[in-house]
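For the protein sequence lines, the chains are L and W, in the order given.
Per numbering that gives the first Met the number 0, the first sequence starts with residue 0, numbered consecutively.
Per numbering that gives the first Met the number 0, the second sequence starts with residue 0, numbered consecutively.
Glycine included, every Cβ here is placed at the ideal spot set by N, Cα and C.
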Amino acid sequence: MFRRGVRVVSLLLVVLVGLSGCAGAGALGGGDRVLVVGIVANPQMKDAIALSRGFERDNPGIRLKFVQLPENQARAKITASTATEGGEFDVVMISNFEAPQWAANGWLENLRPFMDASPGYDAGDFIPSIRDSLSYRGSMYAVPFYGESSFLAYRKDLFAKAGVTMPERPTWRQVAELAARLDDPAAGVAGICLRGKPGWGESLAVFDTVVNTFGGRWFDRDWNARLTSPEFRAAARFYVDLVRAHGEVGASSAGFSECGTRYAQGQAAMWYDSTVMTSTNEKPSDSAVVGKSGYVPAPVESTPASGWLYTWALAMPRVAPDKQAAWRFMRWMTDKEYVRTVGRSLGWSQVPPGSRVSTYRIPEYQAAAGGYARATLEGIDSANQRATMTGPVPYPGIQFVGIPEFQDLGTRVSQQLSAAIAGQISVDEALERSQEYAQTVGKSYQETR
Amino acid sequence: MSAQTIARARGRGGRGLVTGVTWLVAVLFVFPLLWMVITAFKQEADAYTDPPRVIFSPTLTQLAGVLERGFVPYLANSAFTTVVSTVFVLLLAVPAAYALSIAAVPGTPNVLGFFLSTKMLPVVAAIIPLYVISQNLALLDNVWILVILYTAMNLPLAVWMMRSFFLEMPREVIEAARVDGAGLAVMLYRVILPVVAPGIAATALICVIFSWTEFFYSVNLTAAQAGTVPVFLVGFITSEGLYWAQLSAAALLASLPVMIVGWIAQNHLVRGLSMGAVK
């Protein structure tokens, strides 16, 4: 019995020692400088990881280790690490929501000196609206990997069959009329797919652009909440009515993925969402509607444009230990040459869009993305707060309010919106409650001004 | 037809119905797992069809893709944290449970209540202090922080489980050992542990499952070095949607070790979990 016990314990110890050799308790070893890059998991980043072997080959002594997480987890983790100077990451992927706020907090390295010292790295080639959204006091604190706006996709074949045409620059009222004409529940085709899933980055991204163009805003210049203003109310009523009457089934739980799937399977006549939707709509392996879509700018009401602006970009935490090595990687991944590498290696339709003007001048890219390239560029180019809002606001952001509290506030408000879409509460009730949440946040800014 | 024949036929019918319902429930329970296994061998295009595709050409592409994406280090981290924390839990829980049952110490109910109360704090409420403590101890992205936390996380449950097994032990056996002159160590090792071995196996398995599937601590306190399998799995969820076939392949590989351990320990587990159930 005793001997058996000794044997079992010995075996266990051997297993533990073996495992400890494999487990990540210490350094990665090998003498190389290991750059840890925290990223959001998405197809473009998968491509970057696949191509990063080329970077390691060209930069002996630097090895890359990617930490991929879904957006919510990545955001939480990268925020915690950067804010507390945790030091786990040499390079982090953040958006234009975080970049100006984090730069103001002193959490990020100013990238201007690095760019100035990098001949051939054409920072002037970044699309101006994207560049501005990643800047703080005139300096860029993050460099864009790709950018996006929002636009409206529509099924040209269904429109032709119904004998209707899509205006070149539609208004929301026109879109609502078209949705009513094309809504065909018997055939399983919704008039339009719009997000209704709760989340500040889910339904609110789409809804906020409608609010802006209807003349609404979250706060006025003095941080008074404006969620019950006539303009905000009109936008909310319009959105909820449109989705309930001619939107997709289960709209209160539909986000980008759900709408993407429905549209790609031919179950929606229109879809208003991010310009990156083309990677789903036009991918033969995933979509049943390849080549059948037309793309027009984000619908408007009382503004000349209403598309949003979003970008995933690379930034360097202030405590990154080897800044030169980190910059070498950031430069590689956001350079003009990277775009060409993706095009040549993986295909021109997989090029990360929306960051550099020069991408849209590449003939191969124009040929591959002819159906939507111009619409994407125009959307991003015209997306700025001066064009997409009717009144002055004290915060940055189009489809979000660029303050830290918005992650919580936006999620709470989006829950009210979803409840209204599901028919559980009225639009007025949803807005009354949302106004209370927003007032609390606005008050804190009024007190600290 | 005699009354006896009718009763026999009814009895057969009743048993058949029960068997049918049992099979139905069993299939319903196993179906998600079965679907995951099937999907792991599909191409992505076959995995996401409406209606679902049952006939397809099986492929190992997804499993190979998962391994290529660096699954093994995550597996090693999970195995290390799970095994070491489970060993620590048992080393601490067995004597603690003994002290709280057979050799009951003063204030046992309070101690047990305290153990249970530690499970009542939501993990999310503790994560920021834990993050800062880990950072100050230079244990961020280190498997040992997970070992410590998993040990702490499973210890209360293990103490409670082991205590219930100890309480089921016939006191006569312990008294006989005492009369024979056995000291505490000998009694524990030679008399008590063999009797409660199935209970230890059951407790260990529960600890293994909880540690293996733990996500929140791992995702927040690790990065490039110490990430565990659940963190690896979540990397397949993208902003453009789920890659079902890849995710299923990764989930299949991730769940295999626990399934194997469960399979090996199933006899002990059943015995352990039903210890004292029938007097």
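So, helix, strand or coil for residue i, using DSSP?
i	result
arginine 225(L)	coil
leucine 59(W)	coil
leucine 99(W)	coil
glutamate 147(L)	strand
tyrosine 73(W)	helix
glycine 293(L)	strand
proline 193(W)	helix
methionine 114(L)	helix
proline 316(L)	strand
leucine 111(W)	helix
methionine 388(L)	coil
arginine 154(L)	strand
threonine 48(W)	coil
arginine 355(L)	strand
methionine 92(L)	strand
leucine 288(W)	Residue 288(W) lies beyond the stretch modelled for chain W, which goes from 0 to 278, so this question has no answer here.
leucine 139(W)	coil
Looking at chain W, is there any beta carbon in it that lies within less than 9 Å of the beta carbon of residue i?
i	result
asparagine 41(L)	yes
phenylalanine 88(L)	yes
valine 479(L)	Past the edges of chain L, shown from 0 to 448, lies residue 479(L), and the structure says nothing about it.
glutamine 72(L)	yes
lysine 196(L)	no
glycine 85(L)	yes
serine 284(L)	yes
valine 288(L)	no
valine 248(L)	no
alanine 79(L)	yes
glycine 146(L)	no
lysine 449(L)	With chain L represented from 0 up to 448, any question about residue 449(L) goes unanswered, as that position is not in the structure.
If you draw a straight line from the C-alpha of residue i to the C-alpha of residue j, how long is it?
i	j	result
threonine 310(L)	threonine 212(L)	21 Å
leucine 252(W)	glycine 200(L)	32 Å
glycine 215(L)	alanine 189(L)	27 Å
serine 228(L)	phenylalanine 214(W)	43 Å
glutamine 438(L)	alanine 419(L)	20 Å
isoleucine 48(L)	phenylalanine 65(L)	8 Å
valine 277(W)	valine 194(W)	In this prediction, valine 277(W) scores a pLDDT of 45, lower than 50, which makes its location untrustworthy; no coordinate-derived value is stated.
isoleucine 379(L)	alanine 372(L)	11 Å
glutamine 445(L)	tryptophan 222(L)	6 Å
valine 36(L)	alanine 222(W)	9 Å
methionine 44(L)	leucine 313(L)	11 Å
valine 242(L)	glycine 290(L)	26 Å
methionine 258(W)	glutamine 406(L)	39 Å
arginine 52(W)	tyrosine 149(W)	40 Å
Identify every residue that forms a DSSP beta bridge with residue i.
i	result
tyrosine 436(L)	BP columns for tyrosine 436(L) are empty, so no partner.
phenylalanine 65(L)	Val36(L)
cysteine 192(L)	Trp270(L)
leucine 241(W)	Ile236(W)
glutamate 167(L)	Its beta-bridge partners do not exist; DSSP assigns none.
threonine 212(L)	Partner(s): none; threonine 212(L) has no beta bridge.
serine 84(W)	Paired residues: none, contrary to the question.
serine 134(L)	Met139(L)
aspartate 471(L)	In the structure as shown, chain L starts at 0 and stops at 448, and residue 471(L) therefore has no counterpart that could be examined.
tryptophan 311(L)	Ser94(L), Tyr145(L)
Taking 9 Å as the threshold (beta carbon to beta carbon), is residue i in contact with chain L?
i	result
valine 260(W)	no
glycine 226(W)	yes
glutamine 134(W)	yes
alanine 222(W)	yes
valine 301(W)	Here chain W covers residues 0 to 278 and nothing more, so residue 301(W) does not appear.
glutamine 3(W)	no
glutamate 43(W)	yes
leucine 91(W)	no
So does residue i have its beta carbon nearer than 8 Å to some heavy atom of the ligand MN?
i	result
glutamine 3(W)	Annotation note on the ligand MN: not contained in the displayed structure, which lists no ligands.
- Task: Spell out a yes or no on whether the region 337 to 345 of chain L and the region 56 to 65 of chain L are touching, meaning 3 or more CB-CB pairs, one atom from each, closer than 8 Å.
- Result: Result no; under three Cβ-Cβ pairs closer than 8 Å.
- For the region 354 to 366 of chain L against the region 115 to 129 of chain L, are there 3 or more C-beta pairs whose distance is under 8 Å? yes
- Message: Under 8 Å, with one C-beta from each stretch per pair, do the region 166 to 183 of chain L and the region 377 to 395 of chain L reach the 3-pair mark?
- Response: no
- Take every Cβ of the region 104 to 120 of chain L, pair it with every Cβ of the region 269 to 278 of chain L, and state whether three or more of those distances are shorter than 8 Å. no
- When the Cβ atoms of the region 162 to 179 of chain W are set against those of the region 225 to 239 of chain W, are three or more pairs found closer than 8 Å? no
- Report yes or no: do three or more beta-carbon pairs, one from the region 70 to 84 of chain L and one from the region 92 to 111 of chain L, lie closer than 8 Å? The region 70 to 84 of chain L, when compared against the region 92 to 111 of chain L, does touch it at the 8 Å Cβ threshold.
- Message: Check whether the region 430 to 437 of chain L and the region 220 to 227 of chain L touch, using three or more Cβ-Cβ pairs below 8 Å as the test.
- Response: A contact exists between the region 430 to 437 of chain L and the region 220 to 227 of chain L.
- Would you be able to state if there are at least three C-beta pairs under 8 Å between the region 155 to 170 of chain L and the region 241 to 260 of chain L? no
- Between the region 150 to 169 of chain W and the region 200 to 216 of chain W, do three or more beta carbon pairs fall short of 8 Å? yes
- Taking contact to mean at least 3 C-beta pairs separated by less than 8 Å, is the region 76 to 87 of chain W in contact with the region 142 to 159 of chain W? yes
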